[in-house]
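The structure appears right after this line, and notes come after that.
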Amino acid sequence: MDLYSLTLTDIAKKIKNKEVTIKEVLDSVYSRIDEVEPKVDAYITLTRDMAYQRAEELQQRLDNGEDIGVLGGVPIAIKDNICTNSVKTTCASRMLENFTPIYNATVVKRLEDAGAIMVGKTNMDEFAMGSSTETSYIKKTKNPWNLARVPGGSSGGSAAAVSADMAYAALGSDTGGSIRQPASYCSVVGLKPTYGLISRFGLIAFASSLDQIGPFTKTVEDAALMLNVIAGYDKMDTTSANVEKVDYVSGLSNNLNGKVVGIPTDFITDGINKDVKLAYDKAIETVKNAGAKVQEIKLEYAKYSLATYYIIATAEASSNLGRYDGIRYGYRAKDFSDLDELYVKSRTEGFGEEVKRRIMLGTYVLSSGYYDAYYKRAQQVRTLIVENFKKAFEACDVIMIPTAPNTSFKFGAHNASPLEMYLEDIYTVPVNIAGLPGISVPGGFDNNGMPIGIQFIAKAFDEKTLLQAAYAFEQNTDYHTERPKIEEGK
Amino acid sequence: MKDYEVIIGLEVHAELSTKTKIYCNCSTSFGADPNTHCCPICTGMPGTLPVLNEKVVEYAIKAGLATNCEISRFSKQDRKNYFYPDLPKAYQISQYDLPLCIGGHVDINVDGNKKTIGITRIHIEEDAGKLIHDAYTGDTLVDMNRCAVPLIEIVSEPDIRNADEAVAYMQTLKSILEYLEVCDCKMQEGSLRCDVNLSVRPVGQKEFGTRTETKNLNSFRAIHNLIEFETKRQIEVLENGGVIHQETIRWDDAKGVGYAMRSKEDAQDYRYFPEPDLAPIVLSDEYINDIKNSLPEMPHIKKERYVSEFNLPEYDAEILTASKHTADYFEKATAACNNPKAVANWIMGDFTKMLNEKEIEINESKVTEENLASLICLIDKGTISSKIAKQIFEEMFETGEKAEDIVNKKGLVQISDEGAIKEIVKKVVEANPQSVADYKAGKDRAIGFLVGQIMKETKGKANPQIVNKLLLEIINN
Amino acid sequence: MSISKEEVKHIAKLSKLNLTEQELDKYTNDLSDIVNFANELSNIDVDGIKPTAHILDIKNVFRKDEVQPSYDREQILKNAPSKDAGCISVPKVVE
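First to last, the protein sequences are chains A, B and C. Letter by letter, the first sequence follows residues 793 to 1282 in this note's numbering. Letter by letter, the second sequence follows residues 17 to 493 in this note's numbering. Letter by letter, the third sequence follows residues 0 to 94 in this note's numbering.
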């Protein structure tokens, strides 16, 4: 078996036990990248030289008998909206095509402290706005399960990289489903932690009250290991939660005895693909067989999440993206006659279509006369959705729903109607609105062989239960053992 | 011409004298090389987040309490969105609907008349950077050192009616902020500045007229002159049948002229919304009371104390307490020489004149409190005459030398030895028989001439009382 | 309620974006679609419901007033498209 195809947990053990050298591991991963990246296009930047240099240092420390951390020597990919000191961080935008941060995001520091090695920065929808990674200015990432289809988004590069064994794990960010939906489309594990569990310092903001960083991995156990490293209070992030450190890896068991799994029947209605519905029904049987009690729950406000999301997220984005004005960093238009023209041309040329659409929508909902009708009302509905979930969790430990109503689609399928594309986020968005943790695990395939994800949702800061449910589901199915062929299909 | 009433409201911006900026650990100190007090946070680099400086809240509350405001138990920060090269994030973090302090007032005094000016609110916000015009290239240069230096904005009610009141209000605020030590109030450095909102209306009219706004005035003179100018301009416009547009006036202080900037075609829309990256500020009674108890003695209380404790006239007390630096100086010097009236006279007399000439504050002077006190002691003990003292003080002011050292160095000790003075008096009387005769003939003025001659002989060091006494004794004998 | 072309022009201006006539048509359509969809919220009774600005119950998160070294100017200006005399350079700002 090739080294690159091992799990994060396994490769970390092999390095620690000196069964393999870190260089051998890097060689394996980069030769895999050389082989499949030309087909998949998951990465914007590869940090090969840095990685080998770091591998050497880490190996030396390891050989000296030092503890190099739980992720010692393990190659990991980072989404290109997470700041990496002296390595380009583009947000897949023309605006930041040549932007090089002068500091590291807190998560990057934490990964480094745990001994991880960055392989490269992954492709994404421009400024994380999209559900297919098609809005990237840099390139189009293909789904390793069928190169004619999208990997999902916005963290499509991270999902594809892990799915195609081009990294043992990757960081993504999830504002309305940007980790879970591509995880679902690419048949990997994607975890969006509770808002506040992971520091956002260094994550280039899309929607500040919704954004959260999380890992992509090949297994649930690996996700728990990643969470152990990146979770925790950060004084640089006011919205970071000061909660007790938890070991998410220990105690994972393959049954759900005594657990109640909530099924929000009223939320899963029309618009869902029949294969996804079949997989979901099967998943209900799986958790039952694993010992869980299945309980029907009501989420009557969840259907309003999408509208709420598009108001809150775009409003915050319109403000967060004001700083890209061609003055201090980023793209500056070549010809301008005065300051205003510099602003307008730089922004008009530097941003793509979807980003502009969202900036304008956000500007609209915040503009004078509309604030109460849109932004304030959306925040009120947000309260109702939060309470809705709180109530639901009185009756269950975790909620299970499909990650997305459909499987991966062909490039350009939703070009005509942005709204149609937004509807792909219907099952992931409520989790961000309520600030809860959610995870997508491989849950089957449709009749085209495209992956289907099953999503678990838990109470705020109850990642322990969330991971337990996902782990038991994974251990009682074998979808996660299937690997993509990395070729063009139907 | 109709009689007009002028309606003025001031928005005063005070940079807080915290060590660090409002949302990061960069220094706030003034005058550094451009862009050297900067980090990814205050320059708005992608991915950065703000964390509020606790001192900013404390200082703003102090200002609120000292101006009789209600302190909000729940307050939050908001984003004000607009594009400008001095604003790195393209939004300013400020406070919109829930500011830290609301509904206060201060009392001002214009030519002995008291008036109360209402304060609508005080909120915290971040300052913008500095734009420098590059005369050589014609471009504008951006220095971000001042970006995110903490500010409080003190918004007054439209209670001010003329330039003198506006200046008195500004002086009162300056004095309060200095007393609180929350702002260094260096107006020439821009750490205290104000925007003037002004409108006029015919006396008796209920509705306000259309107002104009003039931003960033940073001297009392500029405030005064702008108000006089703009009042006159608006009245003229109305008298000529014109209308006032809601617009911004740019004030050219050197020329003493304001220019109306044509109002933008669409009004600014700042799209305020709650700052998602910062937590609400929730204050307990205990916290607010602790700050209340730590407030220093404020000027009006101090003034009353000066009258009762030091027996000073109210006028003196008012002047001495107007600036904290002056009051501190006064108290320290008084403690050292135990002659409050003399200290007051010195401070209010030549000393202030000299400070004004040099355009420095009393705490920046080379004359320490101790040195002024010992000068006064020398006079009180009769070691030097008050005339000589003035001469000595001038030298102290220039060099910072001690009074005793100057007296010794120059041999300026007053001659009070009657024997020695008598010899000189005799000599002068003998040398000026005509004057003596004039005096005896009833020309009192002649005595003045003789005293002058004696003082000349002694280089002004003779004790004048003794000179007078001996001169009369000798002539009349 | 849908968005008019005039409104789209206005918000483009506020956003410092320039739209071609064709783009203006497309964005007017798209934004109207989304706004119409978002209008479903107007059917919900939100009377007396507190808005959620922060999902976490956080308050009073403060930092100590302690100076730490700033960054080198070279670093601060590293990504600037145009600089001069230790500053970022922009076209003349008309006051």
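Glycine included, C-beta positions come from ideal geometry on N, C-alpha and C.
Span separating the alpha-carbon of residue i from that of residue j
| i | j | result |
| --- | --- | --- |
| G1006 of chain A | V1021 of chain A | 11 angstroms |
| T34 of chain B | S401 of chain B | 47 angstroms |
| V158 of chain B | V92 of chain C | 10 angstroms |
| A462 of chain B | I490 of chain B | 14 angstroms |
| I1089 of chain A | G865 of chain A | 44 angstroms |
| I135 of chain B | L233 of chain B | 19 angstroms |
| S88 of chain C | D102 of chain B | 11 angstroms |
| Y1116 of chain A | M370 of chain B | 52 angstroms |
| T965 of chain A | I825 of chain A | What sits at residue 965 of chain A in the sequence shown is Ser, not Thr. Going from the Cα of S965 of chain A to the Cα of I825 of chain A covers about 22 angstroms. |
| D1039 of chain A | A906 of chain A | 15 angstroms |
| Q204 of chain B | K340 of chain B | 18 angstroms |
| E848 of chain A | K1027 of chain A | 32 angstroms |
| N213 of chain B | T83 of chain B | 20 angstroms |
| A961 of chain A | I1193 of chain A | 24 angstroms |
| I1249 of chain A | L1258 of chain A | 6 angstroms |
| I118 of chain B | E410 of chain B | 48 angstroms |
| S950 of chain A | I57 of chain C | 31 angstroms |
| E1141 of chain A | E39 of chain C | 34 angstroms |
| V812 of chain A | I996 of chain A | 36 angstroms |
| G994 of chain A | V1147 of chain A | 20 angstroms |
| V942 of chain A | R62 of chain C | 44 angstroms |
| K15 of chain C | K1137 of chain A | 8 angstroms |
Host beta strand (DSSP E) of residue i (start-end)
| i | result |
| --- | --- |
| P449 of chain B | No beta strand (DSSP E) holds P449 of chain B; the alpha helix (DSSP H) holding it covers P449 to K456. |
| Y20 of chain B | Y20 to E31 |
| R95 of chain B | D94 to N97 |
| H316 of chain B | Run containing H316 of chain B: none in the beta strand (DSSP E); it sits in the alpha helix (DSSP H), P315 to F326. |
| G134 of chain B | N129 to E142 |
| Y835 of chain A | Y835 to L838 |
| S110 of chain B | Y107 to S110 |
| Q1087 of chain A | K1085 to E1088 |
| P867 of chain A | P867 to K871 |
Span of the alpha helix (DSSP H), counted from its first residue to its last, around residue i
| i | result |
| --- | --- |
| C393 of chain B | E385 to D396 |
| K1074 of chain A | K1066 to N1081 |
| D180 of chain B | A179 to L196 |
| K485 of chain B | P480 to N492 |
| G206 of chain B | Taken as a continuous stretch (DSSP letters only), G206 of chain B belongs to no alpha helix (DSSP H), as it is neither H nor E. |
| H9 of chain C | K4 to L13 |
DSSP beta-bridge partners of residue i
| i | result |
| --- | --- |
| F1237 of chain A | A:P1243 |
| A1023 of chain A | A:I990 |
| M277 of chain B | B:T264 |
| N938 of chain A | A:N935 |
| I118 of chain B | B:E86 and B:R137 |
| G1006 of chain A | A:G964 |
| P1194 of chain A | A:I1246 |
| C40 of chain B | In DSSP, C40 of chain B forms no bridge with anything. |
Buried or exposed by the 16-neighbour rule on C-beta atoms within 10 Å, applied to residue i
| i | result |
| --- | --- |
| I376 of chain B | exposed |
| R237 of chain B | exposed |
| Y75 of chain B | buried |
| E281 of chain B | Because E281 of chain B carries a pLDDT of 48, less than 50, the predicted location of this residue cannot be relied on, and no value is offered for it. |
| E65 of chain C | exposed |
| M793 of chain A | exposed |
| P218 of chain B | exposed |
| S970 of chain A | buried |
| L311 of chain B | exposed |
| Q481 of chain B | exposed |
Any non-hydrogen atom of the ligand SAH within 7 angstroms of residue i CB
| i | result |
| --- | --- |
| D1062 of chain A | Only the bare structure without any ligand can be found here, which leaves the ligand SAH out of the picture. |
request  = Taking only beta carbons into account, state which residues of the stretch 1080-1103 of chain A come closer than 9 angstroms to chain C, listed in chain order.
outcome  = From the stretch 1080-1103 of chain A, only Y1093, K1095, Y1096, L1098, A1099, T1100, Y1102 and I1103 have a Cβ closer than 9 angstroms to chain C.
request  = With 7 angstroms as the limit, tell me which residues of the stretch 998-1016 of chain A have their beta carbon closer than that to any beta carbon of chain C; keep them in chain order.
outcome  = Within the stretch 998-1016 of chain A, the qualifying residues are S1001.
inquiry  = Short of 8 angstroms Cβ to Cβ, which residues in the stretch 52-81 of chain B face chain A?
reply    = For the stretch 52-81 of chain B, which is checked against every Cβ of chain A, the residues closer than 8 angstroms are P56, T59, G60, M61, P62, G63, T64, L65, P66, V67 and L68.
query = What residues in the stretch 97-130 of chain B bring their beta carbon closer than 7 angstroms to a beta carbon of chain C?
reply = From the stretch 97-130 of chain B, only F99 and P101 have a Cβ closer than 7 angstroms to chain C.
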